[in-house]
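To start, the structure under review is shown below, and the notes come after it.
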Amino acid sequence: MTPGPSVDIHELLLPRTLDAFDEHVSARDAIQREATPAAFAREEAAFCRAGVLAAKIVSLDLPRGMKGLEALALALTVKHERCLDEGDDVHSDLRSIIMAVLAVAGGALPAGHAGFSEREH
């Protein structure tokens, strides 16, 4: 698919981002069974790939349509997994905006998303 008048590039980059995020979740889950240096390296590499792709989506011009906006919100969930401080008003506001966009767009957090804060379960 190539971007056209009704397709935001955000939408086109999202599947690769979510695939990398799925690899991160699988590698993170594997650490529970096998906490080896190689397992940690696989998880870190997958998380970095997902983060780089998510950052690319976030750096694009603002989306024009609802699907592009949903893709932007999902990219932010990947980029900020377990990175937001619950006690920081700006971080809390960012989480609220992300969740509101997903609710309006009909989306949900990606499977395996561990939350936005280290303290969130």
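Positions 27 to 147 (the numbering used here) are the ones given, in order, by the sequence shown. Note that beta-carbon positions come from the ideal geometry of N, C-alpha and C, so glycine has one too. Just so we're clear, the structure is a prediction, and the values are computed from it rather than from any experiment.
query, result
"Cβ pair G133, L100 closer than 9 Å", "yes"
"Buried versus exposed call for L98 [16 or more other C-beta atoms within 10 Å across all chains shown]", "buried"
"Three-state secondary structure (DSSP) of E60", "coil"
"Pair within 9 Å by beta-carbon distance, G94 and D34", "yes"
"Distance CB(S52)-CB(A71) smaller than 9 Å", "no"
"For S143, three-class secondary structure by DSSP", "coil"
"Nearest-angstrom Cα separation, counted from R90 out to F66", "38 Å"
"Of the listed residues R121, P63 and L102, nearest to V78 (C-alpha basis)", "L102"
"Cβ neighbour criterion (16 or more within 10 Å) applied to S122", "exposed"
"Contact check, P136 vs V104, beta carbons under 9 Å", "yes"
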